[in-house]
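Step one of this worksheet: look at the structure below.
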Amino acid sequence: LEAQLEENDIDVLVFSMDSGLRLIPIAALHDGEQFLVEKYALALVPSFGLTDTRYVDIHQSPILAMGASQFPDQPPLPTMPIELSNIISDPRQGELFINDNFTVDNFIAQNRRSQPFRIIHLGTHAQFTAGDFNDSFIQFSDQKLKIRELRQISDELGWSNTNTTPIELLVLSACETALGDEEAELGFAGLAVQAGVKSALASLWYISDLGTLALMTEFYDNLSDVLVKAEALRSTQLSMLNGEVQIKDRELLLSNGGSVDLPSPLPEGSLTFSDPYFWSAFTIIGNWN
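Each step along the sequence shown adds one to the number in my numbering, with nothing skipped, and position 289 is 299.
So this is what it looks like as structure tokens:
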């Protein structure tokens, strides 16, 4: 297909795949010379017919940033406060709720505001267990939110109602949020898109805390510049692949020359994110514009 793609100046590839193929990290497919993401921006859709493909400029939209760094029965996420604060740092704007304020009730309340958030970012733990929805959850500070409960909340908030302002982007900065099975295609992210969220950024496997901080910080910077979600993710992945995003001397160095100080408990030393493990786990699901 490559000759046809070049002839038509195609720069975004959107995949709608059958069961068993949805867990492939498309960005990391390789032809022997290049990764696919080096040639195209990429996205997945549960269904072309049910995908809202309209473009909306969201680079100045307020962001609802929620998450947790401490958990009663799970490992801490020490970089999460940094990730969330970076997301709404100037020139971006939004509201931040972390740890005790990261509750299901507060999430619902914030999504009922008269001026709704068009971008929602959840930074926490998550787990998908095939075949049993009761064992699959997104961790809030007060409870583990199950897949069926997420669907109920989406109905309660009217995400699929054509009279409400749609959520343009739901970012699930947690493990396995795009992992699903035949009953829940593309996991939490797929269900969110089916419930009316236009697009979700989610992960396919257990991810590195530092790698996620690097990817998310770079992604939001790119989203402010590139304006197209799939292109913003591609720019992020290329910067990580090419070693333009790295950790050195307890600082996260970004491709634009900026830096982010890291918490002191983290070990000294250098870390690059060029391995596909770091950058190919996250994928855009739904609207790619």
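Yeah, the Cβ is synthetic: ideal placement off N, Cα and C, and Gly gets one too. Everything numeric in this text was worked out from a predicted model, so none of it was measured.
Nearest residue (CA-CA) to V207, options Q103, A51 and L60: L60
Tell me the DSSP secondary structure of K258 in three-state form. strand
For V203, which option in A37, L243 and S57 has the closest C-alpha, if you only look at C-alpha atoms? S57
Taking only the alpha-carbon atoms, compute the straight-line gap between L223 and T174 and give it to the nearest angstrom. 32 Å
Unbroken beta strand (DSSP E) run spanning G77, endpoints: I73 to G77
Using three-state DSSP, classify G296 as helix, strand or coil. Here G296 sits in strand by DSSP.
Counting pairs of Cβ atoms below 8 Å between the region 71-78 and the region 26-45, do you hit three or more? no
Under 8 Å between C-beta atoms of T227 and N96: In contact: T227 and N96 (Cβ atoms closer than 8 Å).
DSSP three-state assignment for N121, whether helix, strand or coil: Here N121 sits in coil by DSSP.
Quick check: the region 121-141 against the region 80-87, are there 3 or more CB pairs under 8 Å? Yes, the region 121-141 is in contact with the region 80-87.
Going by alpha carbons, who is nearest to N340 out of T113, S274, Y230 and I68? The requested residue 340 does not occur in the structure, where the chain is confined to residues 11 to 299.
Do the CB positions of I73 and G104 come within less than 8 Å of each other? yes
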